[in-house]
Amino acid sequence: MTRPAPNVDDLDLETLEKEAPAIRERLNRFRRSLARFFVGRDRVLDLMTVAAIAQEPLLLVGEPGTAKSELVTKFREAAGVGDDDY
């Protein structure tokens with residue numbers, strides 16, 4: 000079970016520096032777990048991760064059948080985002 004993310008405005012620099020390695024490790028585990036399903040799509044997974052953290056949209060463009068929808072679905076599931084929030 001994951002704990003809720005703290006409000007960044009409530010954290011000082013020292014606390015953020017202490018949290019950074021754990022956050023980095025969680026993000027790397029998250030990316031590695033998705034990379035098992037999508038071999039050779041590391042760059043797209045990195046971009047999706049950065050966009051999610053920044054809470055910014057990302058447009059995936061490609062030929063039909065290149066697993067764009069599957070990428071988004073697996074990413075959403077791995078991030079624990081419900082259908083209503085998608």
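Going by numbering that gives the first Met the number 0, the sequence shown opens with residue 0, and the numbers climb by one from there. Think of the CB as a built atom: it goes at the ideal place given N, C-alpha and C, for glycine as much as any other residue. All of these numbers come straight from a predicted model, not from anything done at the bench.
Mapping DSSP to helix, strand and coil, what is F36?
-> DSSP places F36 in coil when its eight states are reduced to three.
Euclidean distance between Cα positions of L59 and R42 | 12 Å
Residue environment, L15, which counts as buried when at least 16 other CB atoms sit within 10 Å | exposed
Extent of the continuous alpha helix (DSSP H) to which T48 belongs | D41 to A53
C-alpha distance - R35 paired with R28, whole-angstrom precision = Answer to the nearest angstrom: the Cα atoms are 11 Å apart.
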